[in-house]
Amino acid sequence: MDDKNSIAGKNIVEICSRIMPSETATIVTDKETINIGELIKRFAENITKEINFHVLEDYAERPLISIPKKIKSDVGKSDVLYFAAQSKPGELHRFRGPLVRLAISKGREIHMPNINDKIIQTGMQADYYKIASLTFSIMSFATISKSARVETPVGTSLKVSFSDKLRWVPDTGLLWYKGMWGNLPAGEAFTCPENVEGLMVVDGTLGDFFNEKYGDLNKTPVSIPITNSRANIENITCENQELLSEFKQYLQQDENANRVGEFACGTNISLKNFVGNLLQDEKFPGVHLAFGNPFPQLTGANWASIGHVDGIMKKCSLWFDDQKILDDGKFIEEELLNLD
82 MDDKNSIAGK
92 NIVEICSRIM
102 PSETATIVTD
112 KETINIGELI
122 KRFAENITKE
132 INFHVLEDYA
142 ERPLISIPKK
152 IKSDVGKSDV
162 LYFAAQSKPG
172 ELHRFRGPLV
182 RLAISKGREI
192 HMPNINDKII
202 QTGMQADYYK
212 IASLTFSIMS
222 FATISKSARV
232 ETPVGTSLKV
242 SFSDKLRWVP
252 DTGLLWYKGM
262 WGNLPAGEAF
272 TCPENVEGLM
282 VVDGTLGDFF
292 NEKYGDLNKT
302 PVSIPITNSR
312 ANIENITCEN
322 QELLSEFKQY
332 LQQDENANRV
342 GEFACGTNIS
352 LKNFVGNLLQ
362 DEKFPGVHLA
372 FGNPFPQLTG
382 ANWASIGHVD
392 GIMKKCSLWF
402 DDQKILDDGK
412 FIEEELLNLD
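In my numbering, the protein residues as written are 82 to 421.
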């Protein structure tokens, strides 16, 4: 087996989920991602013999509108769920969300939507103990800050305020206990901001199904004016008219779909380049915001949305209150942040 595949398999199964010999695992994958599902299965078999393996297309055409009965039964009896499959429009609310909630009611969940071989060869090669250390260092700044400021070379200029009634959440990739879930690759600290004002220029990646369709937006950035934490839909601009139309429609699917639900700082310092895949690009050292669902069960927000679309900005400079943490996409004073 390729050395990088071995590192990735070990990271997913032994380091990030820390599955035990006495535990049951369920792997949910699809035809496009089955090689990664099988990689996870090979490493899990070295630890436990209680493994369920499901390929989504064996049950129904995509997108799925509910959890297939057999998958639901197996996840309900599992200690660990590994989800490694491609995202499809409409599945977040009807399939993936309920699947995650079921998994964490019984055990823990490792979520890998849109994972691919490029991510296996890059983001899943990281030292996740080191990422956890940096993430908690960033948390030490974030949790005591009342505000943040974000600027980028292409025009992003945002002022953000935080509430002590809304929690910051560390996403370290170390998901060891019942009730825990998170995406891999990991590496971010996030919250639901109290308020956001300014201009957001997405020159990296857009989330949900947009990243699969449009990839890196460096040549066709999306400019999003934000007032009182809501995207001003009429004034969003992008040279790609198809993308612009679909994005505007997405932000109108319910009353909170255009509301900023996430402010996050990426902490995966193993990443060197953007790959045009949100799952990984949002962990790149920098800042991203998401419109829609604020993960109320984690952040404590008192509102919800069926949408959640992240926007990645490149080469971010970030200040928490008056403390500059990032300069042009690079963390400042690495010794202070305990990276060594």
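Beta carbons: idealized from backbone N, C-alpha and C, even for Gly.
Since this is a predicted model, take the numbers as computed values, not measurements.
request  = With a 10 Å radius around its C-beta and 16 neighbouring C-beta atoms as the bar for buried, classify Q361 as buried or exposed.
outcome  = Position 280 of the sequence shown holds residue 361. Classification for Q361: buried.
ask   = Apart from the five residues on each side of it in sequence, which residues of its chain come closer than 6 Å, Cβ to Cβ, to S383?
value = Here residue 383 refers to the residue found at position 302 of the sequence shown. Note that residue 383 corresponds to Asn in the displayed sequence, not to Ser. Cβ within range, chain order: n/a, list empty.
Beta-carbon separation (whole angstroms), P30 vs K169, contact threshold 8 Å = Residue 30 lies beyond the residue range present for the chain, which begins at 82 and ends at 421; the question has no answer from this structure.
request  = Just the C-alpha distance for V277 and R123, rounded to the nearest angstrom, thanks.
outcome  = Along the sequence shown, one-based indexing puts residue 277 at 196. Along the sequence shown, one-based indexing puts residue 123 at 42. Straight-line Cα distance between these residues: approximately 45 Å.
task = Report back the beta-carbon spacing between Q404 and F134 to the nearest angstrom; my notes put them in contact at under 8 Å.
result = Position 323 of the sequence shown, counting from 1, holds the residue named residue 404. Position 53 of the sequence shown, counting from 1, holds the residue named residue 134. Not a contact, Cβ separation roughly 47 Å.
request  = Kindly confirm or deny that the region 359-374 and the region 255-275 touch, where touching means at least three C-beta pairs closer than 8 Å.
outcome  = yes
query = Roughly how many angstroms separate the alpha carbons of T105 and G254, rounded to a whole number?
reply = Mapped onto the sequence shown, residue 105 falls at position 24. Mapped onto the sequence shown, residue 254 falls at position 173. Approximately 20 Å between the Cα atoms of the pair.
Own chain partners of D402 with C-beta closer than 7 Å, once the 5 adjacent residues on each side are dropped = Here residue 402 corresponds to residue number 321 of the sequence shown, with the count starting at 1. For D402, where only same-chain residues beyond five positions count, the Cβ hits under 7 Å are S226, K227 and S228.
Contact the region 294-306 vs the region 404-413: 3+ CB pairs below 8 Å = no
ask   = Can you name the start and end residues of the beta strand (DSSP E) that K240 belongs to?
value = Position 159 of the sequence shown, counted from the first residue, corresponds to residue 240. Here the beta strand (DSSP E) through K240 covers S238 to S242.
inquiry  = Buried or exposed for S326, going by 16 or more other Cβ atoms inside 10 Å?
reply    = As a first step, residue 326 must be located in the sequence shown, where it is residue number 245. So S326 ends up on the exposed side.
ask   = Among R311, M220 and Q202, which one has its Cα closest to the Cα of W249?
value = The sequence position of residue 249 within the sequence shown is 168, counting from 1. Cα-wise, what sits closest to W249 is M220.
request  = Starting from the N-terminal side, write out each stretch of the beta strand (DSSP E) that is 3 residues or longer and does not extend beyond the region 172-257.
outcome  = 189-194, 228-232, 238-242 and 250-252
Classification of I413 by the beta-carbon crowding that lies within 10 angstroms, buried from 16 upward = Along the sequence shown, one-based indexing puts residue 413 at 332. Per the 10 Å Cβ criterion, exposed.
Delimiting residues of the alpha helix (DSSP H) encompassing Y295 = If you number the sequence shown from 1, residue 295 lands on position 214. That run of the alpha helix (DSSP H) goes F291 to Y295.
request  = Tell me where the alpha helix (DSSP H) around S154 begins and ends.
outcome  = For the purposes of this step, residue 154 is taken as residue 73 along the sequence shown, with counting starting at 1. Per DSSP, S154 belongs to the alpha helix (DSSP H) from K150 to V156.
request  = Measure the C-alpha to C-alpha separation of K353 and A165 and round it to an integer number of angstroms.
outcome  = Looking up residue 353 in the sequence shown gives position 272. Looking up residue 165 in the sequence shown gives position 84. Roughly 23 Å separates the two Cα atoms.
task = Tell me where the beta strand (DSSP E) around Q404 begins and ends.
result = As a first step, residue 404 is located in the sequence shown; it is residue number 323 there, counting from the start. That run of the beta strand (DSSP E) goes Q404 to D408.
request  = Report back the beta-carbon spacing between L162 and H389 to the nearest angstrom; my notes put them in contact at under 8 Å.
outcome  = In the sequence shown, the residue the question calls residue 162 occupies position 81. In the sequence shown, the residue the question calls residue 389 occupies position 308. With a Cβ gap of about 20 Å, L162 and H389 do not count as contacting.
request  = Tell me whether I121 sits in a helix, a strand or coil according to DSSP, three-state version.
outcome  = One-based indexing of the sequence shown puts residue 121 at position 40. It is helical.
inquiry  = Need the endpoints of the alpha helix (DSSP H) that A89 sits in, please.
reply    = Mapped onto the sequence shown, residue 89 falls at position 8. From DSSP, the alpha helix (DSSP H) with A89 extends over D84 to K91.
message = Along the chain, where does the alpha helix (DSSP H) containing L370 start, and where does it finish?
response = Locating residue 370 in the sequence shown gives position 289, counting from the first residue. No alpha helix (DSSP H) holds L370; the beta strand (DSSP E) holding it covers G367 to G373.
request  = Decide yes or no for the touch test of the region 234-247 against the region 190-201: beta carbon pairs closer than 8 Å, at least 3 of them.
outcome  = no
message = I need the boundaries of the beta strand (DSSP E) containing E323, first residue and last residue.
response = Numbered from its first residue, the sequence shown carries residue 323 at position 242. Not the beta strand (DSSP E): E323 falls in the alpha helix (DSSP H), residues Q322 to Y331.
ask   = Whole-angstrom Cβ separation of D155 and T110, contact assumed at under 8 Å?
value = As a position in the sequence shown, residue 155 is number 74, starting the count at 1. As a position in the sequence shown, residue 110 is number 29, starting the count at 1. D155 to T110, Cβ: 13 Å. No contact.
query = Does the Cβ-Cβ distance between V282 and P302 come in under 8 Å?
reply = Taking the sequence shown and counting its residues from 1, the one referred to as residue 282 is at position 201. Taking the sequence shown and counting its residues from 1, the one referred to as residue 302 is at position 221. For V282 and P302, yes; Cβs fall inside 8 Å.
task = To the nearest angstrom, report how far apart I200 and V356 are at their CA atoms.
result = Along the sequence shown, one-based indexing puts residue 200 at 119. Along the sequence shown, one-based indexing puts residue 356 at 275. Each residue's Cα considered, the two are about 8 Å apart.
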